[in-house]
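A quick write-up on the structure given underneath.
Number of protein chains: 2
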Amino acid sequence: MSISSSQYINPLIVQRADPYIYKHTDGYYYFTASVPAYNLIEIRRAKTLAGLAHAAPQTIWRKHESGDMSQLIWAPELHYIDGKWFVYFAASKTTEFDRNGMFQHRMFCIECDVADPMASEENWVEHGQIKTPMDSFSLDATCFEAQGILYYVWAQKDPDIKGNSNLYIAEMENPWTLKTDPVMLSKPEYDWETHIFAVNEGPAVIHRNGRYFLTYSASATDENYCIGMLSASDNSDLLDPANWTKYDKPVFQSDLATHQYGPGHNSFTVAEDNQTDILVYHCRNYTDIKGDPLYDPNRHTKIQPFTWNADGTPNFGKPVPYNYQ
Amino acid sequence: MSISSSQYINPLIVQRADPYIYKHTDGYYYFTASVPAYNLIEIRRAKTLAGLAHAAPQTIWRKHESGDMSQLIWAPELHYIDGKWFVYFAASKTTEFDRNGMFQHRMFCIECDVADPMASEENWVEHGQIKTPMDSFSLDATCFEAQGILYYVWAQKDPDIKGNSNLYIAEMENPWTLKTDPVMLSKPEYDWETHIFAVNEGPAVIHRNGRYFLTYSASATDENYCIGMLSASDNSDLLDPANWTKYDKPVFQSDLATHQYGPGHNSFTVAEDNQTDILVYHCRNYTDIKGDPLYDPNRHTKIQPFTWNADGTPNFGKPVPYNYQ
Numbered sequence: 003m004s005i006s007s008s009q010y011i012n013p014l015i016v017q018r019a020d021p022y023i024y025k026h027t028d029g030y031y032y033f034t035a036s037v038p039a040y041n042l043i044e045i046r047r048a049k050t051l052a053g054l055a056h057a058a059p060q061t062i063w064r065k066h067e068s069g070d071m072s073q074l075i076w077a078p079e080l081h082y083i084d085g086k087w088f089v090y091f092a093a094s095k096t097t098e099f100d101r102n103g104m105f106q107h108r109m110f111c112i113e114c115d116v117a118d119p120m121a122s123e124e125n126w127v128e129h130g131q132i133k134t135p136m137d138s139f140s141l142d143a144t145c146f147e148a149q150g151i152l153y154y155v156w157a158q159k160d161p162d163i164k165g166n167s168n169l170y171i172a173e174m175e176n177p178w179t180l181k182t183d184p185v186m187l188s189k190p191e192y193d194w195e196t197h198i199f200a201v202n203e204g205p206a207v208i209h210r211n212g213r214y215f216l217t218y219s220a221s222a223t224d225e226n227y228c229i230g231m232l233s234a235s236d237n238s239d240l241l242d243p244a245n246w247t248k249y250d251k252p253v254f255q256s257d258l259a260t261h262q263y264g265p266g267h268n269s270f271t272v273a274e275d276n277q278t279d280i281l282v283y284h285c286r287n288y289t290d291i292k293g294d295p296l297y298d299p300n301r302h303t304k305i306q307p308f309t310w311n312a313d314g315t316p317n318f319g320k321p322v323p324y325n326y327q
Numbered sequence: 003m004s005i006s007s008s009q010y011i012n013p014l015i016v017q018r019a020d021p022y023i024y025k026h027t028d029g030y031y032y033f034t035a036s037v038p039a040y041n042l043i044e045i046r047r048a049k050t051l052a053g054l055a056h057a058a059p060q061t062i063w064r065k066h067e068s069g070d071m072s073q074l075i076w077a078p079e080l081h082y083i084d085g086k087w088f089v090y091f092a093a094s095k096t097t098e099f100d101r102n103g104m105f106q107h108r109m110f111c112i113e114c115d116v117a118d119p120m121a122s123e124e125n126w127v128e129h130g131q132i133k134t135p136m137d138s139f140s141l142d143a144t145c146f147e148a149q150g151i152l153y154y155v156w157a158q159k160d161p162d163i164k165g166n167s168n169l170y171i172a173e174m175e176n177p178w179t180l181k182t183d184p185v186m187l188s189k190p191e192y193d194w195e196t197h198i199f200a201v202n203e204g205p206a207v208i209h210r211n212g213r214y215f216l217t218y219s220a221s222a223t224d225e226n227y228c229i230g231m232l233s234a235s236d237n238s239d240l241l242d243p244a245n246w247t248k249y250d251k252p253v254f255q256s257d258l259a260t261h262q263y264g265p266g267h268n269s270f271t272v273a274e275d276n277q278t279d280i281l282v283y284h285c286r287n288y289t290d291i292k293g294d295p296l297y298d299p300n301r302h303t304k305i306q307p308f309t310w311n312a313d314g315t316p317n318f319g320k321p322v323p324y325n326y327q
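Spelled out as structure tokens, the structure:
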């Protein structure tokens with residue numbers, strides 16, 4: 003590994019949760035995340051990961067005054083698919099819980115067909131909700147391409163399954179329409195997935211060593227929040243749950259010694275050397291949250307290089323301590 | 003000047019307006035500013051100015067559910083006076099305008115008497131409103147000590163004077179109580195003080211070369227926003243307006259060539275060498291603001307060294323361009 007953790011200053015970006023970084027063919031790193039007010043989607047870009055801390059954000063979309071996309075804009079991801087830009091995000095019609103005590107988000111997609119996604123918010127058009135057969139709490143969608151097929155992976159509540167959300171996969175007809183029925187890949191079942199809340203959410207996919215690794219976040223979003231993992235061979239049918247192996251322990255979790263609490267909702271990018279893999283995630287540095295954790299703005303974006311074990315699995319290590327001066 | 007502008011990455015901190023930096027006797031730089039949601043007061047600290055970009059904020063106070071301190075928390079300043087910490091901030095009871103089309107802020111003060119102001123928000127107690135004889139729109143208070151006297155300087159609306167606010171000074175009985183009647187030092191009168199809105203606000207004081215320099219911000223908070231200046235000899239009566247000279251031109255303003263628009267609401271600090279003076283201000287990098295500028299989050303905190311002219315006045319130069327990579 004040619005790039006060490008100490009090369010990056012952490013936290014990289016304060017008060018950005020659910021961080022997503024994409025390195026584009028133009029050489030820029032693009033960054034988006036949930037903003038503390040949950041009221042808009044912004045993008046920033048820089049030539050280096052460090053530069054993202056200082057890059058001026060551009061608002062590309064704002065929540066509606068009312069309706070399905072009017073509240074709690076969460077966890078945008080920016081994808082470049084067949085020469086166009088897409089953002090997936092979760093939005094709700096209300097800040098109220100439903101009768102099951104759940105938020106009421108659904109997934110939505112917006113598109114920009116000009117080369118520069120930051121040129122103007124007027125270039126972004128709405129595709130509306132990404133419909134799934136089940137109409138229930140949905141969030142944290144991502145997508146990836148494998149053997150020419152576009153897959154959609156997301157978290158969703160099934161009223162018949164205990165807990166907040168499970169992980170699903172489907173093939174896509176186009177970037178905002180499913181082609182196949184959703185297949186469940188994981189539900190919260192282990193202790194570390196069910197602390198306070200039973201949660202599987204925030205999926206992210208990376209392809210290495212002949213396998214697809216699907217990381218996700220589990221349990222409540224306090225110090226119990228942690229990252230779990232599934233994997234599947236890249237020559238298997240990814241829509242067959244039997245081809246996915248679920249790891250029985252978290253692969254990344256709180257480090258109490260260095261006050262890194264609840265690392266999760268990760269994404270993946272690559273360092274400036276185009277070789278070193280980088281884990282992107284958010285984390286808090288305290289557990290004593292006053293009031294509603296949703297409105298505690300201090301989930302900060304962190305980045306750190308990671309390596310690969312001899313058996314081909316990722317070694318994420320521990321959340322690095324803060325190292326700013 | 004031993005420290006050049008290029009030493010600092012700009013913008014230093016994105017989405018923080020009305021930035022205030024104080025270098026304490028503990029060697030830390032403390033930073034506070036308006037947050038985009040205007041819902042709380044936070045402090046962060048770092049050993050270097052650059053470190054402030056990455057330092058994790060601590061919430062020290064939250065807006066009330068209702069009443070005089072329930073809306074639009076603006077422009078906090080952190081002062082260390084006689085061994086205790088004080089924060090001055092503006093707050094309103096409503097987001098609505100009054101019958102004159104003005105916001106309805108008043109000034110408030112909170113205090114912390116433990117050494118570490120970031121230890122817990124529970125250490126902060128409220129002193130309530132800082133009362134002035136006139137009950138009207140008030141904001142942007144600062145304070146400074148001169149010859150053992152604590153002075154309070156702020157912006158306030160006088161219904162008998164055209165425009166949004168003028169600048170006042172008074173002596174303080176204690177950090178949250180005025181001792182003398184307010185004296186007006188400046189009102190918006192020049193063209194550059196009255197673009198779109200007639201405004202004098204955001205005062206900051208620096209003592210150099212036998213004089214007190216009082217900078218302030220003028221005109222609307224778009225690209226017209228700029229910094230003006232007053233000065234007074236340090237052996238004169240600072241409560242006598244006749245002892246203050248007002249400069250007829252702005253001392254710092256937009257630079258269209260480098261897309262630095264509306265620099266203002268400045269404060270002063272000193273570089274890591276304890277010698278080089280640093281101008282702290284916010285600025286936008288575009289003029290095409292969608293919707294209400296108040297809720298456009300992209301006023302970013304910038305810092306840059308400045309020098310002194312042969313006549314003893316500050317030379318702030320132009321807003322430096324962005325230089326992140």
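Order-wise, the sequence lines are chains A and B. Quick note: the first sequence uses the numbering used here, first residue 3, plus one each step. Quick note: the second sequence uses the numbering used here, first residue 3, plus one each step. By construction, the Cβ of each residue, glycine as well, lies at the ideal position given by its N, Cα and C atoms.
Under a 10 Å Cβ-count criterion, L232(B) is classified as buried, with 16 or more other Cβ atoms of the shown protein chains found around its own Cβ. In this structure, DSSP gives Q262(B) an extended state, which the three-state scheme calls strand.
In the pairwise beta carbon analysis, the region 5-25 of chain B is classified as touching the region 262-275 of chain B: at least three pairs are separated by under 8 angstroms. The three-state secondary structure of Y218(A), taken from DSSP, is strand. Runs of beta strand (DSSP E) with 3 or more residues, each lying fully within the region 24-61 of chain B, are found at 31-36, 42-48, listed in chain order. Of all residues in the region 27-54 of chain A, those with a C-beta nearer than 7 angstroms to a C-beta of chain B are P38, A39, A48, K49, T50, G53, reading in chain order.
For N311(A), DSSP assigns no beta-bridge partner whatsoever. Contact annotation: L14(A) and I305(A) have beta-carbon atoms nearer than 8 angstroms. Straight-line measurement puts the Cα of S122(A) at about 21 angstroms from the Cα of P323(B). With contacts defined as CB atoms closer than 8 angstroms, K164(A) and M174(A) fail to qualify as a contacting pair. Against chain B, the beta carbon of I151(A) has no neighbour under 7 angstroms; the closest one sits roughly 36 angstroms away. Boundaries of the beta strand (DSSP E) harbouring A172(B): 168-176, taken from the DSSP string.
Per DSSP, the continuous beta strand (DSSP E) segment holding T247(B) begins and ends at 246-248.
Straight-line measurement puts the Cα of Y283(B) at about 14 angstroms from the Cα of S7(B). Under the DSSP assignment, W194(A) falls outside any beta strand (DSSP E); it carries neither an H nor an E label.
As a beta-bridge residue in DSSP terms, S188(B) pairs with L169(B). Here the C-alpha atom of D239(B) lies approximately 46 angstroms from the C-alpha atom of P38(A). With respect to S221(A), E195(A) sits close: the two C-beta atoms are nearer than 8 angstroms. Taking the C-beta atoms as reference points, N202(B) is found nearer than 8 angstroms to K189(B). Spatial neighbours of R108(A) in its own chain (CB-CB distance under 6 angstroms, excluding positions within 5 residues in sequence) are listed in chain order as Q131, S140.
N237(B) and G212(B) have their C-alpha atoms some 8 angstroms from each other.
If you check each beta-carbon in the region 96-124 of chain B against every beta-carbon of chain A, the ones closer than 8 angstroms belong to E123.
For L241(A), the three-state secondary structure derived from DSSP is coil. Around V16(B), the beta-carbon contacts reaching into chain A at under 9 angstroms are I15, R46, A55, H56, A57, A58, P59. Flagged as an interface residue toward chain B: N300(A), by a C-beta distance shorter than 8 angstroms. Just measuring C-alpha positions, the residue of T96(A), F110(A), F88(A) sitting nearest M104(A) is T96(A). Taking the Cα positions, P59(B) is about 29 angstroms away from L152(B). Excluding five sequence positions before and after H66(B), the CB atoms of its chain that fall closer than 6 angstroms to its own CB belong to S72, given in chain order.
According to the DSSP secondary-structure assignment, G204(A) is paired through a beta bridge with no residue. Rounded to whole angstroms, the Cβ separation of I208(B) and F215(B) is 5 angstroms, and the two are in contact under 8 angstroms.
Assigned with DSSP and collapsed to three states, Y22(B) falls in strand. Excluding its 5 nearest sequence neighbours in each direction, V253(A) has C-beta neighbours in its own chain below 6 angstroms: I229, M231, F318, listed in chain order. A273(B) and Y263(B) have their alpha carbons spaced roughly 24 angstroms apart. Against Y324(A), the close residues of chain B are H56, A57, A58, in the order they occur along the chain (beta-carbon pairs closer than 9 angstroms). Taking C-beta separations shorter than 6 angstroms and ignoring five residues to either side along the sequence, the partners of Y90(B) in its chain run E79, C111, A143, following chain order. With respect to chain B, the C-beta atom of I11(A) has a partner C-beta closer than 8 angstroms.
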